[in-house]
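Before any comments, here is the structure.
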Amino acid sequence: MPIGKCKLCNKVGELQDSHVLPNALFKNIFRANKGKAIHFNDDKHTFVRYESKSWSEFMLCQNCERHINESYEQESIAAIRNCLSSVRINKTDTGITFANINQKTLQLFLVSILWRAAASTHQAYEKVYLPEPWKEEIRISILENKKVRSSLVGIQLRRLSDPSKDGFSLASLKQLLISPFFRNHGNRFSFCFLIEGFFVEIFVPGIQAKRRNDLGIVAPNKSILFVPYQDIFDIPELVQIMVSGYGKFVDGKSRIKS
Ligand SMILES: [Zn+2]
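Note that the numbering used here has the sequence shown beginning at 1, numbered continuously upward.
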């Protein structure tokens with residue numbers, strides 16, 4: 001392992017091969033697809049390709065890797081996968097209710113993905129940027145397990161769905177992999193990515209107070225989270241990514257053999 005300065009605790013030590021989007025996510029996708037994921041990218045110059053790497057780089061020390069994993073990641077992934085007995089899940093026609101979910105842990109887990117993407121130099125995360133001093137404030141929150149203030153970061157979750165006939169199944173929606181992209185809302189940005197079939201949108205600065213009760217907003221002080229369904233074809237960037245990916249596929253530029 002190379003020696004370097006850990007980006008989370010700033011101490012010099014052996015650096016681990018650190019993930020941004022969790023390795024658990026890649027493992028699931030690879031398991032279902034014989035070791036590969038299909039990675040769509042809206043960059044017109046690159047090919048649609050099978051992805052067999054998990055976008056990692058030497059970034060964090062062992063203690064910080066363990067901290068993120070044990071403090072945030074394991075519990076949050078288990079909760080959204082419905083593998084945590086303490087969290088009760090109720091599905092309706094309009095969305096999913098998570099009862100007794102630790103939203104402070106979930107907030108720090110998702111914010112840690114955003115922060116790691118901003119700290120990463122990997123090409124897959126090149127569109128993610130956090131200006132100082134916000135990046136530093138978020139780093140300290142992650143390091144010290146302190147909720148990030150709502151005026152700095154807001155998170156909205158939606159569960160992808162495809163109601164069209166012969167459309168994507170939930171299992172296939174969980175296997176979609178995209179590089180995070182951003183939206184410019186004028187007075188704030190948001191960064192969007194997919195995780196386990198959820199569309200995650202993180203706003204920086206945070207969501208205005210009057211919108212903090214909207215559906216799907218992660219509220220660290222509450223124990224109930226309702227995540228509405230979102231038709232994948234109503235997310236223009238995902239449609240664009242898929243169309244451009246499909247265009248490359250039919251143009252013969254794709255490396256995917258059908
Ligand atoms: Zn560290």
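All C-beta atoms, glycine included, are put in the ideal place defined by N, C-alpha and C.
Residue of the options minimising C-alpha distance to residue i
{"i": "S174", "options": "E57, P131, A24 and W134", "result": "Before going further, note that residue 174 is Lys rather than Ser in the sequence given. Selected option, being the one with the closest Cα: A24."}
{"i": "F226", "options": "I178, R183, F198 and E136", "result": "F198"}
{"i": "A219", "options": "I202, F233, I235 and Y229", "result": "I202"}
{"i": "G177", "options": "M1, K53 and K7", "result": "Here residue 177 turns out to be Leu, not Gly, going by the sequence shown. Cα-wise, what sits closest to L177 is K53."}
{"i": "W115", "options": "F191, K5, I96 and Q156", "result": "F191"}
{"i": "G186", "options": "V204, G167, E14 and V12", "result": "V204"}
{"i": "S164", "options": "D234, R188, S151 and L130", "result": "D234"}
{"i": "I155", "options": "A32, L60, T121 and I113", "result": "I113"}
heavy atom of ligand 1 below 8 Å from residue i C-beta
{"i": "N145", "result": "no"}
{"i": "N69", "result": "no"}
{"i": "K135", "result": "no"}
{"i": "L108", "result": "no"}
{"i": "L84", "result": "no"}
Pairwise C-alpha distance: residue j and residue i
{"i": "L108", "j": "T94", "result": "26 Å"}
{"i": "S258", "j": "I3", "result": "Unreliable positioning characterises S258 in this predicted model, as indicated by a pLDDT of 44, which lies under 50. A coordinate reading is not provided."}
{"i": "I29", "j": "S179", "result": "15 Å"}
{"i": "I224", "j": "Q16", "result": "35 Å"}
{"i": "V111", "j": "D214", "result": "19 Å"}
{"i": "F182", "j": "A118", "result": "12 Å"}
{"i": "R139", "j": "I241", "result": "31 Å"}
{"i": "L160", "j": "Q123", "result": "25 Å"}
{"i": "L170", "j": "P236", "result": "19 Å"}
**Request:** Check whether the stretch 195–210 touches the stretch 82–89, taking contact to mean three or more Cβ pairs, one atom from each stretch, closer than 8 Å.
**Result:** no
**Asked** Okay, do the stretch 128–141 and the stretch 54–64 touch, 3+ Cβ pairs below 8 Å being the bar?
**Response** no
**Request:** For the stretch 97–105 and the stretch 75–84, state whether three or more C-beta atom pairs, one from each stretch, are separated by less than 8 Å.
**Result:** yes
**Message:** Using only Cβ atoms and a threshold of 6 Å, which residues come within that distance of a heavy atom of ligand 1? Order them by chain position.
**Reply:** C6, L8, C9, K11, L60, C61, N63 and C64
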